[in-house]
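Going down the list, the sequences are from chains A and B.
Under this note's numbering, residues 1 to 117 are what the first sequence spells out, in order.
Under this note's numbering, residues 118 to 233 are what the second sequence spells out, in order.
All residues carry an ideal CB built from backbone N, CA and C; glycine is no exception.
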Amino acid sequence: GAGVSQSPSNKVTEKGKDVELRCDPISGHTALYWYRQSLGQGLEFLIYFQGNSAPDKSGLPSDRFSAERTGGSVSTLTIQRTQQEDSAVYLCASSLGLRAGGRETQYFGPGTRLLVL
Amino acid sequence: AQTVTQSQPEMSVQEAETVTLSCTYDTSENNYYLFWYKQPPSRQMILVIRQEAYKQQNATENRFSVNFQKAAKSFSLKISDSQLGDTAMYFCAFTDSGGGADGLTFGKGTHLIIQP
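Structure representation (structure tokens):
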């Protein structure tokens with residue numbers, strides 16, 4: 001079936017503007033993850049959803065970042081008042097989730113490259 | 118906290134050669150999972166191979182195999198008969214067998230270049 005999709009593929013915005021990044025997981029996957037990939041920090045885990053619930057939001061870099069998931073499917077990562085240090089590739093991944101009984105494989109989307117001018 | 122270390126920022130080999138990428142990790146957990154992901158210029162992270170820590174047998178997937186040394190906390194990737202399409206960033210990743218909220222911990226990556 002279709003893989004994880006993300007939109008937009010690329011986003012250029014001005015400092016101070018809000019941006020919304022979208023992730024559409026593989027159908028049937030109940031677990032969803034957001035990561036950030038930047039030159040200086042490598043790959044950082046941001047947040048995890050099991051269904052619509054995110055049990056731990058402490059990985060989000062600041063209170064300007066928020067994420068939600070509705071209907072157990074699509075997730076959006078919102079960055080308010082963007083700063084230049086937010087420039088990075090934002091990757092989304094999904095997996096079967098807890099009902100799979102263990103730590104199953106995460107499948108990644110192609111990412112959104114965000115550039116804040 | 119778990120850490121993953123990839124000590125080779127870049128490697129270059131000739132096509133058809135065998136290459137080994139190294140990865141070490143640090144954890145106090147006994148049960149965990151290790152992965153190698155490939156990221157070509159398209160940015161898509163592609164799973165190469167996966168190893169469960171409780172399995173003694175090293176995982177293999179066609180030309181890709183791992184050397185998993187649990188006591189040494191080492192998880193190297195061997196690519197046999199390397200091909201031009203293997204050129205990519207390779208990331209080693211770790212997750213424990215907890216409830217799912219931890220995500221993957223990645224190494225900094227190794228840029229592998231296959232020369233024609």
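Less than 8 Å between the CB atoms is what I'm expecting for Asp203 of chain B and Ala133 of chain B, so what's the real figure, rounded?
That belief does not hold up - the Cβ atoms of Asp203 of chain B and Ala133 of chain B are roughly 11 Å apart, past 8 Å.
Reduced DSSP category for Glu85 of chain A - H, G, I as helix; E, B as strand; rest coil
helix
By the 10 Å Cβ neighbour count, where 16 or more other Cβ atoms means buried, how is Lys155 of chain B classified, buried or exposed?
A residue is called buried when at least 16 other Cβ atoms come within 10 angstroms of its Cβ; Lys155 of chain B meets this threshold and is buried.
Starting from the Cα of Val165 of chain B, find the closest Cα among B:Asp143, B:Gln131, B:Ser129 and B:Met206 and give me that residue.
Of the candidates B:Asp143, B:Gln131, B:Ser129 and B:Met206, the one whose C-alpha sits nearest the C-alpha of Val165 of chain B is B:Met206.
Got a sec, what are the start and stop residues for the beta strand (DSSP E) Arg69 of chain A sits in?
Phe65 to Arg69
Among A:Leu91, A:Glu68 and A:Gly42, which residue has its Cα nearest to the Cα of Thr122 of chain B?
A:Gly42
To the nearest angstrom, how far is the alpha carbon of Gly59 of chain A from that of Ser66 of chain A?
11 Å
Across which residues does DSSP place Met206 of chain B in a beta bridge pair?
Partner(s): B:Gln156 and B:His228.
Cutting at 6 Å between CB atoms, please list the residues of its own chain near Gly220 of chain B, excluding the five before and the five after it.
For Gly220 of chain B, where only same-chain residues beyond five positions count, there are no Cβ hits under 6 Å.
Chain B within 7 Å of Val25 of chain A, Cβ atoms only:
The question names Val, but residue 25 of chain A is Pro in the sequence shown. Not closer than 7 Å to any Cβ of chain B, the Cβ of Pro25 of chain A fails to qualify, so no.
In chain A, which residues lie less than 7 Å from Gln161 of chain B when you measure between Cβ atoms?
Phe108 and Pro110
Beta carbon of Ser193 of chain B nearer than 7 Å to that of Ser139 of chain B:
yes
Element boundaries [beta strand (DSSP E), containing Thr78 of chain A]:
Ser75 to Ile79
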